[in-house]
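These notes are about the structure you will find just below.
Residue numbers (the working numbering): 1047 to 1201.
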């Protein structure tokens, strides 16, 4: 009867360490549907509010693509990102992303965030990014199968 107690205690101690490396999954259906139609629906905790404001202002020329949204969808997507951005996040990993950016900086690409760069530097060969099957640096799911759920450690 008592054999089940040990695994529960071990998990109870280990779980907070795992949770630290996790970003909350995107919960907005509008974000998942609209953003996810073209690329992964990135967790807002990757970037600060000012970055998301700039990205949303530039939707007519969103990284080379024209994005057409209803005004209601645009407002909902922006509100979701602003409410969950790195600089207001209660996620430890989101805070680490924000701390790496520095005060007042507002990168437009997650791949320009120092924490992202540090995590990938030396771990990924340049040829991997160039491989068409990878889909470039913004395709997290190519290497991180659980990226949608917010897990980026391992595969």
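A virtual CB, placed ideally from N, CA and C, is assigned to each residue, including glycine.
> In this structure, does DSSP put residue 1158 in helix, strand or coil?
Replying inline: helix
>> Taking the alpha-carbon of residue 1077 as reference, which of 1069, 1070 and 1088 has the nearest alpha-carbon?
In response: 1088
> What number of angstroms, rounded off, separates the C-alpha of residue 1080 from the C-alpha of residue 1115?
Replying inline: Distance between the alpha carbons of residue 1080 and residue 1115 is about 8 Å.
>> Using the three-state DSSP reduction, which class does residue 1178 fall into: helix, strand or coil?
In response: Annotated three-state conformation of residue 1178 is coil, per DSSP.
> Is it true that the CB of residue 1158 sits closer than 9 Å to the CB of residue 1094?
Replying inline: no
>> Let me check understanding here. Comparing Cα to Cα, which of 1101, 1186 and 1073 lies closest to residue 1166?
In response: 1186
> So the alpha helix (DSSP H) residue 1140 belongs to, where does it begin and stop?
Replying inline: 1138 to 1147
>> Please state whether the Cβ-Cβ distance between residue 1131 and residue 1160 is less than 9 Å.
In response: no
>> Quick check on residue 1108: does DSSP put it in helix, strand or coil?
In response: strand
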